[in-house]
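Engineer:
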Amino acid sequence: MYNRMHIIAASLAIIPAFASAQEVQTVKIGFSSPLTGPQASAGKDNQGGLQMAVERLNTQGLVIGGKKIKFEIVAEDDQADPKSGVGVAQKLADQGVKAVVGPYNSGVTIPASRVYNDAGIVIATVASNPKITQQGFATLYRVAASDSQLGGKMALYAAKELKIKTVSVIDDRTAYGQGLAEEFIKIAQANGIKVVSKDFTNDKATDFTAILTSIKGKKPQAVFIGG
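What follows is the structure, given as structure tokens:
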């Protein structure tokens, strides 16, 4: 959905301003993402993008305060789990990272960002729940669209372009899925779309027979899935 390498490279470009050449020549960049489990493929793709960006920056011979700076990645697996994400945040803070690329998931980012904020660590995340930036943390940057933009734009497209009149909504109860579904519903209803049903699942479910059978009986023109 996003050009991960370009996003990450742009995020890293702000980091030298926070690195003190008097303290270190090697600047540690943390990485928090799911590297195991169902979302591992996304996490590893992001890790590869970060590695490419860091390698590119390191070839440029960046100099701060008269000293050459080299970036070093400290990667941690947050397992797409809020509790694990908070543990990763504390671990990265203890290791003295100057900035963090991630977390990937909204449900991880919301609690973990408090730890990063308390430690004064810059974070650049693609997580999209609006609550992330509403916390007002000075060193937190979202480098992708928020749910209010994503869900709202999809609702407008459904109403204005697809001419949808009825829709069923499913969300997986994650911070991302729930936030996306809520924004979609709000804008959809404001533009004349009737939400005929709202169902919930979880991000580990694989059998949707019961939900789809129920939705089939409602006969919606479309189904929106937040997750």
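All the letters of the sequence shown, read from the start, carry residue numbers 17 to 243 under the working numbering. Glycine residues also receive a C-beta, built at the ideal position from the N, C-alpha and C atoms. Values in this document were obtained by computation on a predicted structure and should not be read as measured data.
Going by C-alpha to C-alpha distance, which of Y120, F153, Q95 sits closest to K220?
Structural biologist: Q95
Engineer: Use the C-beta contact count for T190: other C-beta atoms within 10 angstroms, 16 or more gives buried, fewer gives exposed.
Structural biologist: buried
Engineer: According to DSSP, is V245 part of a helix, a strand, or is it coil?
Structural biologist: Residue 245 lies beyond the stretch modelled for the chain, which goes from 17 to 243, so this question has no answer here.
Engineer: Is it the case that the segment 132-144 contacts the segment 94-111, given that we only count it when at least three CB pairs across the two stretches are under 8 Å?
Structural biologist: Taking a contact to require three or more Cβ pairs closer than 8 Å, the segment 94-111 and the segment 132-144 qualify as touching.
Engineer: Reducing DSSP to helix, strand and coil, say where I231 ends up.
Structural biologist: helix
Engineer: According to DSSP, G242 sits in a beta bridge with which residue or residues?
Structural biologist: D187
Engineer: Helix, strand or coil: how does DSSP classify D61 here?
Structural biologist: helix
Engineer: Three-state secondary structure (DSSP) at T42?
Structural biologist: Looking at T42 - three-state DSSP - the assignment turns out to be strand.
Engineer: Which value, in whole angstroms, describes the spacing of the CA atoms of Q93 and G208?
Structural biologist: Contrary to the premise, residue 93 reads as Asp rather than Gln in this sequence. Computed Cα separation, rounded: 43 Å.
Engineer: Count the other C-beta atoms from every protein chain shown that fall within 10 angstroms of the C-beta of F224, then say buried if there are 16 or more, exposed otherwise.
Structural biologist: Under this definition F224 is an exposed residue.
Engineer: Roughly how many whole angstroms lie between the Cα atoms of V211 and I126?
Structural biologist: Cα to Cα, the separation comes out at about 28 Å.
Engineer: Identify the continuous alpha helix (DSSP H) that holds A96 and give its terminal residues.
Structural biologist: Premise fails: A96 is in no alpha helix (DSSP H) and is neither H nor E.
Engineer: Quick one: residues in its chain with C-beta nearer than 7 Å to the C-beta of I180, no 5 flanking neighbours on either side, listed in chain order?
Structural biologist: A174, I209, Q237, A238
Engineer: Let me know if G193 comes out buried or exposed under the rule of 16 or more other beta-carbons within 10 Å of its beta-carbon.
Structural biologist: Taking all protein chains in view, the Cβ of G193 is crowded by 16 or more other Cβ atoms within 10 Å, so the residue is classified as buried.
Engineer: For the putative contact between K86 and T42, defined by C-beta atoms under 8 Å, what is the C-beta separation to the nearest angstrom?
Structural biologist: 5 Å
Engineer: For E199 and G82, what's the separation of their Cα atoms in angstroms?
Structural biologist: 49 Å
Engineer: Are there 16 or more other CB atoms within 10 angstroms of the CB of Q63, so buried, or fewer, so exposed?
Structural biologist: The residue in question, Q63, is buried, as its Cβ has 16 or more Cβ neighbours within 10 Å.
Engineer: Using only the alpha-carbon positions, how far apart do A226 and P54 sit?
Structural biologist: 22 Å
Engineer: For A143, is the classification buried or exposed, using 16 other Cβ atoms within 10 angstroms of its Cβ as the cut-off for buried?
Structural biologist: Around the Cβ of A143, a 10 Å sphere holds 16 or more other Cβ atoms; the residue is buried.
Engineer: Counting only the same chain and skipping the five closest in sequence on each side, list residues whose C-beta sits under 7 Å from that of A204.
Structural biologist: A171, A174, A175, V183, V211
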